[in-house]
Amino acid sequence: MKRSLMLGLSALMLVAVPVAGVTLSSALGNGGSAIADSSQKPNIRLQLVGEKKVVASSTTGQEEVSWKPLDAAKPGDVIRYRLSGKNQGKAGARKLALTQPVPQGTVYVLKTATGEGTQATFSIDGGKTFVANPTVRVKLTDGKFETQPAPAKAYTHVKWQFDQKIAANQDVNVAYQVKVN
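Start counting the sequence shown at 1; every next residue gets the next number (UniProt numbering).
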């Protein structure tokens, strides 16, 4: 037992643990300067929240939309995913891009990707390529092919490219909606 405990502790000591984007073993090897250098870099911490769309009629008969915490979803439900965070680093983040998959069993709701100061692009090939308006080639009844807008069910990923640098302590917020199949 004593021998297996020592082997386990030895193996544990050899594991490289990431600290502030730098492995602990490499930081210790250079006197900690790598950790000090990483404190001057951007550090975006993100949180993903799913919310279910609830539509109710007001006393005047108007439709009122609210978003409730997601506990369960059933076919037909619309879910809004909000990705929010903050640059907790001491330097600005340039060329920040955030990418989210369209979860399996859902379909992207067209024109719902939002994010202040961002350009949204979309993938229909599993996240390999992104364009603002995905298209597909469709074979017509006469045998000819035509390029048409990709259907919502073809979307696999949403990507937001931030136009400006994300300064230290600046918040980032993007969102998109999907419908459960």
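All C-beta atoms in this analysis are idealised placements derived from N, C-alpha and C, irrespective of residue type, glycine included.
Fill in: Euclidean distance between Cα positions of ASP71 and LYS144
47 Å
Practice prompt. Indicate whether at least one CB of chain D lies closer than 8 Å to the CB of GLY115.
Written response: As a matter of chain content, chain D is missing from the structure shown, which is built from one protein chain.
Worksheet item: Since ASN173 sits in a beta bridge, which residues does DSSP pair it with?
Response: SER84
Worksheet entry | C-beta contact flag for VAL158 and THR106 at 8 Å | no
Practice prompt. List the residues that DSSP assigns as beta-bridge partners of ARG137.
Written response: THR147
Worksheet item: Which class does ALA93 belong to by DSSP, given the choice of helix, strand or coil?
Response: strand
Worksheet item: Since PRO69 is in the beta strand (DSSP E), which residue starts that stretch and which ends it?
Response: 63–69
Worksheet item: Can you tell me where the beta strand (DSSP E) with THR121 in it begins and where it stops?
Response: 118–123
Worksheet item: Taking one C-beta from the segment 85–95 and one from the segment 103–122 each time, how about it: are there three or more such pairs within less than 8 Å?
Response: no
Worksheet item: Would DSSP call ALA154 helix, strand or coil?
Response: helix
Practice prompt. Please say whether GLY92 and LYS165 have beta carbons closer to each other than 8 Å?
Written response: yes
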